[in-house]
Amino acid sequence: MTDVVRSASYIAATVEELRRHSAADKAAGIVSQRALFPRRGRIELDGQRLVLSNWSAGDDLTLSPAAIVSLRREFTSLYGRFMGGLLNAGKPLIMETTTAGEIYILIDRREISEFTNNRRWEAAITAWQAAAPSDVKPDLRQSN
164 MTDVVRSASY
174 IAATVEELRR
184 HSAADKAAGI
194 VSQRALFPRR
204 GRIELDGQRL
214 VLSNWSAGDD
224 LTLSPAAIVS
234 LRREFTSLYG
244 RFMGGLLNAG
254 KPLIMETTTA
264 GEIYILIDRR
274 EISEFTNNRR
284 WEAAITAWQA
294 AAPSDVKPDL
304 RQSN
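If you're matching positions, the sequence shown starts at 164 in my numbering and goes up one per residue.
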């Protein structure tokens with residue numbers, strides 16, 4: 164078994180879950196992001212995989228470097244600057260995956276300050292993907 168390199172708590176939602184929110188849900192999300200992000204657990208990164216525990220019905224979402232097609236931190240129409248506390252530190256980590264689609268994640272989010280550790284996790288995941296053997300790296304070339 165590979166040793167865990169990084170571990171933290173997370174809350175997350177798929178794009179579909181965020182799109183389904185009503186105006187009342189979004190208003191509740193201003194008070195607590197947990198109203199918008201139904202998935203929560205531990206996120207763990209080791210040399211071979213990224214695991215989001217308790218992703219669905221108690222099952223974990225396990226991702227290889229190749230399963231993460233894109234990774235970015237930005238405010239979007241689904242989760243804007245106002246929801247994220249107006250600060251860059253509140254930007255969601257948006258991960259496009261081959262298995263779960265596009266997911267929005269807030270890692271180690273502090274409720275009052277709206278700060279997250281998403282910036283550090285983005286750097287760690289990017290470095291982890293770069294260090295992966297070429298046969299398990301995502302092919303990010305765009306097809307014409």
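For every residue, glycine included, the Cβ atom is placed at its ideal position computed from N, Cα and C.
All values derive from a computational prediction rather than experimental measurement.
Item, Value
"Range covered by the alpha helix (DSSP H) that runs through E180", "178 to 182"
"Distance CB(L208)-CB(I257) smaller than 8 Å", "no"
"Distance CB(P201)-CB(A295) smaller than 8 Å", "no"
"Contact under 8 Å by Cβ, R203 with I174", "yes"
"CA-to-CA distance, S216 to L241, given in whole angstroms", "24 Å"
"Same chain, Cβ closer than 8 Å to E265, five either side skipped, listed in chain order", "T177, V178, I257, M258, E259"
"P107 versus I268: straight-line alpha-carbon distance, rounded", "Because the chain in this structure spans residues 164 to 307, residue 107 falls outside the shown range and cannot be described."
"Three-state secondary structure assigned by DSSP to N217", "strand"
"Nearest-angstrom Cα separation, counted from L199 out to V214", "21 Å"
"Expected contact under 8 Å - CB spacing of L146 and E285 to nearest Å", "Nothing about residue 146 can be read from this structure; the chain reaches only from 164 to 307."
"One or two residues paired with S233 in a DSSP bridge", "E259"
"Euclidean distance between Cα positions of T239 and G210", "31 Å"
"Rounded separation between E180 and N281 - CA only", "20 Å"
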